[in-house]
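Here is the structure we will look at.
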Amino acid sequence: AMVRTGVSTFVPKPFTPFQWSRQIDIPETERKQQILRERFGRHPGIKFGYHEAEASFIEGLITRGDRRTADLIEAAWRSGARLETWDEHIDIVHWRKAIEETGFDVENAFRERAIDERLPWDHIDVMIPKKWYQDDWQRATELKYAQDCRAGKCHLCGVIYRERELCKHMLKNQKAGHQEEADTWEGVPEKTFEQPDAVQRIRFRTGRFGEVRFLSHLETKEMWVRALRRARAPIAYSKGFHAHPRINFATAAPVGEESEGEYMDLLLHRACDPAELLARLSATLPHGFRAYAAEEVPLRGDALMSLVAGHAYTIYADDAPADLAERAAALFAQEEIIVERRVKAKKNKRGRFVKKAPAPVDIRPMLTALDARSHDTGQAEIDFETRLHAGKLAKPREILALLGLDEAKSRVLKRETFLAESNVATLVEA
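In structure tokens:
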């Protein structure tokens, strides 16, 4: 058996009894993590999990600071800070540069606060008086346990003064719940439920346009789950303690990209007519999302993501140069097109992510078509297709950069996703 531990650096948050506590810095965090790593490392059955010291440091800068933190965040962003919650993408250099540029006082932000001093967030009313936090902080420093007010005395946190009925309702329900539990605990059979097996797999062709293109893949997936529930689709779920809807996507659509050529596989525990389900789904979709077609595919077929063989794109660009068509033709005529791609960070023996320098990649074998058209209005359209080569595909932002176009003034539309199967044309159209 393996015991997995999770150890995080404590970040004192506003509006908690510990908002006066200090936060340790990166060297102290790493020293303590090393002690735990050495102790846990003696036991092969224990895996030591921890939160990156740099991530906790950045979290503390934001949560412990005052209004001057806004300038710090902007300076870090301008320096290049982006995905600060992804351990492999954290780059503390950007934040150190921002601290130096703005003169941000890190020691002041991380220090222990006096119990009677004014805090940066005191002007925000969360309906709980500061006096209650102070009293609870004092109890914590004296290692005194305050019993839950549902079972003990009222701690006068402030809610009872503003929403007395809420407190009364909570206490009444708590008492009734205890009594009901006591009356029914004995002899209640344990409820068991097994997820029914999937009996059908339907493949949808989907798209998204407009502002919804700025949703992340997880947000988009959640939208499809909700829409399918509204359409009364008998979605099959995975088995286990945490059951998940069995929905698979060909690709994770990048933020900001529109599409009319995405594919989604849905597993059902009761067979449905694809055309009927497509009609119901189309009627429930939020503005900006589309469901174009649906067909039944083999239940035990290959995973949808493994079938992706390429994509076709159209890029709409503003302020395009007059010679864009010539640039595209010259680019496509090259035998080699070298771009630099970021290499995913990996953990070293100490368990820390080590970043690698960008690696050169030749995307020319991945390009199967490239054409550009300019208009008198200064707008242009670039069509290009990319096919899988050595497990990689060309990316729209790379084509934009190679053609000298501004990514911020361009709109990317994925027209099609090429699948290894040849039956895509038989989809039932809406």
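For reference, each letter of the sequence shown is one residue, going 619 to 1048 in the numbering used here.
For every residue, glycine included, the Cβ atom is placed at its ideal position computed from N, Cα and C.
Just so we're clear, the structure is a prediction, and the values are computed from it rather than from any experiment.
Inset, instruction - List the residues that DSSP assigns as beta-bridge partners of residue 853. - result: 886
Legend entry - Beta-bridge partners of residue 758, as assigned by DSSP: None; residue 758 has no bridge partner.
Legend entry - Whole-angstrom distance between residue 905 and residue 930, CA atom to CA atom: 24 Å
Inset, instruction - Go ahead and label residue 984 buried or exposed: buried means 16 or more other beta carbons lie within 10 angstroms of its beta carbon, across all protein chains shown. - result: buried
Legend entry - Environment of residue 996 [buried if 16+ CB atoms lie within 10 Å]: exposed
Legend entry - Beta-carbon gap between residue 708 and residue 732 smaller than 9 Å: no
Inset, instruction - Just mark residue 1046 as buried or exposed, buried being the case when its beta carbon has 16 or more other beta carbons within 10 Å. - result: At residue 1046, the pLDDT of 49 sits below 50, so the modelled position is not reliable; the number obtained from the coordinates is stated separately. Its Cβ being crowded by 16 or more others within 10 Å, residue 1046 is buried.
Inset, instruction - Could you tell me whether the Cβ atoms of residue 922 and residue 866 are closer together than 9 Å? - result: yes
Inset, instruction - Along the alpha helix (DSSP H) that carries residue 689, what are the first and last residues, could you check? - result: 687–697
Legend entry - Three-state secondary structure (DSSP) of residue 1004: strand
Legend entry - Reduced DSSP category for residue 637 - H, G, I as helix; E, B as strand; rest coil: coil
Legend entry - Separation of residue 912 from residue 887, as counted between CA atoms: 17 Å
Inset, instruction - Provide the residue span of the alpha helix (DSSP H) that contains residue 651, from first to last. - result: 644–658
Legend entry - Inter-stretch contact at 8 Å, needing at least 3 Cβ pairs: the region 869–876 / the region 832–841: yes
Legend entry - Coarse secondary structure for residue 1046, derived from DSSP in three states: Low local confidence applies: a pLDDT of 49 at residue 1046 is under 50, so the model's placement there is unreliable, and no value is given.
Legend entry - Reduced DSSP secondary structure (H/G/I, E/B, other) of residue 772: coil
Inset, instruction - Since I believe residue 946 is in contact with residue 1028 (beta carbons under 8 Å), could you give me their beta-carbon distance rounded to a whole number of angstroms? - result: That belief does not hold up - the Cβ atoms of residue 1028 and residue 946 are roughly 14 Å apart, past 8 Å.
Legend entry - Reduced DSSP category for residue 626 - H, G, I as helix; E, B as strand; rest coil: coil
Inset, instruction - Please determine if the region 676–691 and the region 720–729 are in contact, where contact requires at least 3 C-beta pairs separated by less than 8 Å. - result: yes
Inset, instruction - Say whether the region 627–646 touches the region 751–764, bearing in mind that this needs 3 or more beta-carbon pairs closer than 8 Å, one atom from each stretch. - result: yes
Inset, instruction - Answer yes or no: do residue 671 and residue 623 have a C-beta to C-beta separation smaller than 9 Å? - result: no
Inset, instruction - Kindly indicate which residue of 993, 982, 1031 has the alpha-carbon position closest to the one of residue 1008. - result: 982
Legend entry - Cβ pair residue 876, residue 762 closer than 9 Å: no
Inset, instruction - State the Cα-Cα distance for the pair residue 819 and residue 884, rounded to the nearest angstrom. - result: 6 Å
Inset, instruction - Answer yes or no: do residue 681 and residue 630 have a C-beta to C-beta separation smaller than 9 Å? - result: yes
Inset, instruction - Kindly indicate which three-state DSSP category residue 582 falls into: helix, strand or coil? - result: The question about residue 582 has no answer, for the chain in this structure spans 619 to 1048.
Inset, instruction - Count the other CB atoms, across all protein chains shown, that sit within 10 Å of the CB of residue 992; report buried if there are 16 or more and exposed otherwise. - result: buried
Legend entry - Residues of its chain near residue 655, where Cβ-Cβ distance is below 6 Å and the 5 sequence neighbours each way are ignored: 666
Legend entry - residue 715 - containing alpha helix (DSSP H), residue span: 710–720
Inset, instruction - Throw me the rounded Cβ distance for the residue 1049 and residue 979 pair, which I believe falls under 8 Å. - result: A query on residue 1049 cannot be resolved here, the shown segment of the chain reaching from 619 to 1048 and no further.
Inset, instruction - Determine the burial state of residue 832: buried for a count of at least 16 other Cβ atoms within 10 Å of its Cβ, exposed for fewer. - result: exposed
Legend entry - Limits of the unbroken alpha helix (DSSP H) element including residue 872: Looking at the DSSP string, residue 872 is not in any alpha helix (DSSP H), and its letter there is neither H nor E.
Legend entry - Range covered by the beta strand (DSSP E) that runs through residue 988: 985–992
Legend entry - Spatial neighbours of residue 727 in its chain, beta-carbon cut-off 6 Å, leaving aside the 5 residues before and after: 682, 683
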